[in-house]
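Under our numbering, residues 25 to 270 are what the sequence shown spells out, in order.
The beta carbon of each residue, even a glycine, is placed where N, CA and C say it ideally should be.
The structure displayed is predicted, hence computed values, not measured ones.
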Amino acid sequence: MFNKKNKDTTSIDIDTNNIPKHIGIIMDGNGRWAKRRNLPRSYGHKAGVETIRRIIKECNRLGVKYLTLYAFSTENWKRPEDEVNALMGLLVEYLKKEFKELDKNQVVINYIGDISKLPLRCQEELIKAKENTKSNTGVVMNLALNYGGRAEIIEGINRFLKDHNGEDNLKITEEILENYLYTKGMPDPDIVIRPSGEQRLSNFLLWQCAYTEFWYSDILWPDFTEKDLQQAIIDYQNRERRFGGL
Ligand code: IPE
Ligand code: IPE
Ligand code: MG
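See below:
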């Protein structure tokens, strides 16, 4: 958990030889951030985008290889249409506005989730951004959009069945399934960070999180800073990962 005593820790305390390869973040608390200011929820989402900008830079600086950002879940369609539209609009705006800077910083823009259900203009921007940054050498930013861990596993199994249609003795293994997930070829997340005080997965990377370390804090995503990320990494580095062994 977040250790208040170490709040002013600088990155000097981070062990640069043990940087998590893959960090997942459930970017939560935008709505509450806005509500506390008597602002519409969409202002919280806008403020959340500013945090993304800072955290990607910091991940690049620290040498994190993969950063998966949970931006829209398969369950978030239940929200009022206005909010869903605002989120989709922000996504397009973000990709358009930030592309140059992300590209300059060598960020590889990627997405996980079934983007075919997103508005066409979102799909187009995502595909373009992915294509134009695929040879970059910095952090891979996976935007999880219309992403759900359960849907990912089911979709993977169905694709496997389709590819092997009619074969005898069909059997799926962990290795096969991993090759059919959106995260194919990526290491499992070492740490998942969830701000906003909630202590649940909310359908995020269910398969991949089997041995992931969790880090929660009451900070709302728009208030999350580089220092908070550093603190999460320091806490991660002080944990003992046993993977079932001794
Ligand atoms: C996270 O913030 C952003 C998305 C889920 C898209 P929320 O919108 O869930 O914020 P809270 O939880 O209502 O504060
Ligand atoms: C999880 O947050 C999804 C994203 C951050 C995109 P939610 O706010 O949707 O999760 P619940 O409903 O509190 O579990
Ligand atoms: Mg929420």
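DSSP lists Arg218 as the bridge partner or partners of Tyr240. Pairing Gln232 with Ile47, the inter-Cα distance amounts to about 12 Å. Pro246 and Asp192 have their C-alpha atoms spaced approximately 52 Å apart. Restricting attention to Pro64, Lys89 and Ala71, the CA atom closest to the CA of Phe248 is found in Ala71. In this structure Tyr94 is buried. Its beta-carbon is surrounded by 16 or more other beta-carbon atoms within 10 angstroms. Nearest Cα to Asn227 within the set Asn100, Ala58 and Arg77: Asn100. Note on the stretch 75-151: whole beta strand (DSSP E) runs with a minimum of 3 residues are 90-97 and 132-136, in chain order.
Distances from the alpha-carbon of Ala175 to those of Thr40, Val163, Thr197 and Tyr206 put Tyr206 closest. Cβ neighbours of Val108 within its own chain (closer than 8 Å, five residues either side excluded): Asn100 and Trp101.
Annotation: the continuous alpha helix (DSSP H) that includes Gly173 extends over Gly173 to Asp187. Boundaries of the beta strand (DSSP E) around Ile50: His46 to Ile50. Of the heavy atoms belonging to ligand 3, at least one sits nearer than 7 Å to the Cβ of Gly55. The continuous alpha helix (DSSP H) containing Gly55 extends over residues Asn54 to Arg60. Of the residues assessed, Arg61 falls on the exposed side of the cut-off, its CB having fewer than 16 other CB atoms within 10 angstroms. For ligand 2, no non-hydrogen atom lies closer than 7 Å to the CB of Asn170. Contact annotation: the stretch 127-136 touches the stretch 166-183, with at least three C-beta pairs closer than 8 Å.
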